[in-house]
């Protein structure tokens, strides 16, 4: 027969809930004077002038949830692994200390550990699968246009089922993009369907443009401005048709090198800029792309300088997650009055003509370990500190409100349990 909880244990639980809420309140308020913009210029790591995030009502109400899930999405593969190991170590220390004081049994500890692990898996699952409000980029300059050069739909073999061109459009609109290239793997169908829903003028809504992702020289490359004929030629066996015999319209597509990939095999441009890639991703939204972008940031910049390549950002979104990590920004006066096709031509010609200085990348601020193992090991505290620094005033209010709502609800529940136990 189980003994009823003692009044002392109930009082201790109530005290801990209030103490946690008080500690979180102090941390959130203490970090406020040190607050930083959640956006940076990715090349300089300095402030992203003329850009800010707009957080809707739903995002602010759910700020603790949205901020945590955004923070996880902004991490590379190794960072996520380091964060998980850090959480496991922190949990183990906590349970050892609790067990030493209360003599916890092994079976109970095992059950609690499995619950904690299941909760962590659930958090990642929610971040990947569940719909939620998104942080939206807003540019102060009306002539600035935010572009995603790399995205997918369910027409790609690895696209999320049901992530149609319409869903792709909605995702980009919610993230603050003005233009999204649909670059499905060796498929033009998704781009064709997406472009049929374009507005009459670019300023009237999100513009979808065509592209294809394919493999050239053993690396993944984007062909922006691809056509249906491009799609046909991509399926021709290259052993029978050498690259020099590809149709002119294929070589007129703007080629962009993606990451993650082997950059030593990058198809370099020729002297006239008609062959090879003219741009390279400095930011890619896939976890492995984030990791290579952090690790090889300096190398990518040097490649771009030496070959006069534009640096761009691609979401590489396949329908998973609700966080944009970076935006390619170009300044095109009067772009809102252009037709979608005309805007696509202007964007591609701007990159061809200006190359290295054509695009500015605005990115979400996130811990970047580079090649440092020590910084990688500090991922857990670095992520927590980054969230504290980049919260807006309304986000801070939401965090504090939820902390006290949960603490007071927990206190009330514990009081009821204590009275029931006493009775």
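Numbering (my numbering), first residue to last: 14 to 436. From the three backbone atoms N, C-alpha and C, an ideal C-beta is built for every residue, glycine too.
(request) Would you mind sorting residue 163 into buried or exposed? The rule is 16 or more other CB atoms within 10 Å of its CB. (result) By the neighbour-count rule (16 or more Cβ atoms within 10 Å), residue 163 is buried.
(message) Which runs of the alpha helix (DSSP H) at least 4 residues long sit entirely within the region 156 to 195? Give them in chain order.
(response) Counting only runs of at least 4 residues, the region 156 to 195 fully encloses the following alpha helix (DSSP H) elements, listed from N- to C-terminal order: 178 to 188.
(request) Determine, using beta carbons only, whether residue 68 and residue 61 come nearer to each other than 8 Å. (result) For the pair residue 68 and residue 61, the CB atoms are not nearer than the 8 Å cut-off.
(message) Taking 7 Å as the limit between beta carbons, can you name the residues of its chain near residue 254, skipping five residues before and five after?
(response) For residue 254, the pLDDT reaches just 45, beneath the cut-off of 50, and the residue's location in the model is therefore unreliable, although a value from the coordinates is still provided. Within the same chain, residue 254 has no close Cβ partners at all.
(message) I'd like the span of the alpha helix (DSSP H) that includes residue 134, first residue to last.
(response) Note, residue 134: alpha helix (DSSP H), 119 to 142.
(message) Considering Cα atoms alone, identify which of 352, 421 and 360 is closest to residue 31.
(response) Of the candidates 352, 421 and 360, the residue whose Cα lies closest to the Cα of residue 31 is 421.
(request) Please determine, among 428, 406 and 423, the residue with the shortest C-alpha to C-alpha distance to residue 42. (result) It is 406.
(message) By the three-class DSSP mapping on this structure, what secondary structure does residue 10 have?
(response) Residue 10 is absent from the model: the chain starts at 14 and stops at 436.
(request) Could you give the DSSP three-state label for residue 399: helix, strand or coil? (result) Looking at residue 399 - three-state DSSP - the assignment turns out to be helix.
(request) Classify residue 70 as buried or exposed, calling it buried when 16 or more other Cβ atoms lie within 10 Å of its own Cβ. (result) Classification of residue 70: exposed, given that the 10 Å Cβ count is below 16.
(request) Taking all protein chains shown into account, decide if residue 250 is buried (16 or more other Cβ within 10 angstroms of its Cβ) or exposed. (result) Legend: pLDDT at residue 250 = 44, less than 50; position of this residue unreliable, no value from coordinates given.
(request) Measure the C-alpha to C-alpha separation of residue 160 and residue 133 and round it to an integer number of angstroms. (result) Between the alpha carbons of residue 160 and residue 133 lies a gap of roughly 33 Å.
(message) With H, G and I counted as helix, E and B as strand and the rest as coil, what does DSSP make of residue 62?
(response) DSSP places residue 62 in coil when its eight states are reduced to three.
(message) So, with DSSP's three-state summary, where would you put residue 294?
(response) Here residue 294 sits in strand by DSSP.
(message) I'd like the list of long-range same chain contacts for residue 143, defined as Cβ closer than 6 Å, with 5 residues on each side in sequence excluded.
(response) For residue 143, where only same-chain residues beyond five positions count, there are no Cβ hits under 6 Å.
(message) Just to confirm the assignment: which complete alpha helix (DSSP H) runs, minimum length 4, are found wholly within the region 310 to 336?
(response) Along the region 310 to 336, the alpha helix (DSSP H) occurs as fully enclosed runs of 4 or more residues at 310 to 320, listed in sequence order.
(message) In the DSSP assignment, the beta strand (DSSP E) including residue 54 goes from what residue to what residue?
(response) Run containing residue 54: 52 to 54, per the beta strand (DSSP E) assignment.
(request) Could you tell me the distance, in whole angstroms, from the CA atom of residue 213 to the CA atom of residue 219? (result) Roughly 11 Å separates the two Cα atoms.
(request) Can you give me the start and stop residues for the alpha helix (DSSP H) that residue 267 sits inside? (result) Unbroken run through residue 267 is the beta strand (DSSP E), 267 to 270; no alpha helix (DSSP H).
(message) Please report the straight-line C-alpha distance between residue 308 and residue 338, rounded to a whole angstrom.
(response) Looking at the two C-alpha atoms, the distance is approximately 16 Å.
(message) DSSP three-state label for residue 384, please.
(response) Of the three classes helix, strand and coil, the one that applies to residue 384 here is coil, per DSSP.
(request) State the start and end residues of the unbroken beta strand (DSSP E) segment that holds residue 373. (result) Counted as a single uninterrupted DSSP element, the beta strand (DSSP E) harbouring residue 373 occupies residues 373 to 377.
(message) Bridge partners for residue 221 per DSSP, in chain order?
(response) Residue pairing from DSSP places residue 221 in a beta bridge opposite 193.
(request) Assign residue 236 to one of two classes, buried (16 or more other C-beta atoms within 10 Å of its C-beta) or exposed (fewer than that). (result) With 16 or more Cβ atoms within 10 Å of its Cβ, residue 236 is classed as buried.
(request) Return yes when the Cβ of residue 290 is within less than 8 Å of the Cβ of residue 304, no when it is not. (result) Cβ distance not < 8 Å, so residue 304 and residue 290 don't count as in contact.
(message) Bridge partners for residue 149 per DSSP, in chain order?
(response) For residue 149, which the question treats as bridged, DSSP gives the partners 67.
(request) Would you mind working out which of 300, 75, 225 and 187 sits nearest residue 416, comparing C-alpha positions? (result) When C-alpha distances from residue 416 are compared across 300, 75, 225 and 187, the shortest belongs to 75.
(request) Compare the Cα-Cα distances from residue 241 to each of 199, 433, 216 and 279 and report the closest residue. (result) The candidate whose alpha carbon is nearest that of residue 241 is 199.
(request) Report yes or no: do the region 332 to 352 and the region 371 to 385 share at least 3 C-beta pairs separated by less than 8 Å? (result) The region 332 to 352 is in contact with the region 371 to 385.
(message) Just verifying my parser: in three-state terms, what is the DSSP assignment at residue 277?
(response) Under the three-state reduction of DSSP, residue 277 is assigned to helix.
(message) Let me check understanding here. Comparing Cα to Cα, which of 187, 173, 176 and 403 lies closest to residue 146?
(response) Closest by alpha carbon: 187.
(request) Excluding the 5 residues preceding and the 5 following residue 382 in the sequence, name in chain order all residues of the same chain whose CB lies nearer than 6 Å to its CB. (result) Counting only residues of its own chain and dropping the five nearest sequence neighbours on each side, residue 382 has a CB closer than 6 Å to the CB of 388 and 389.
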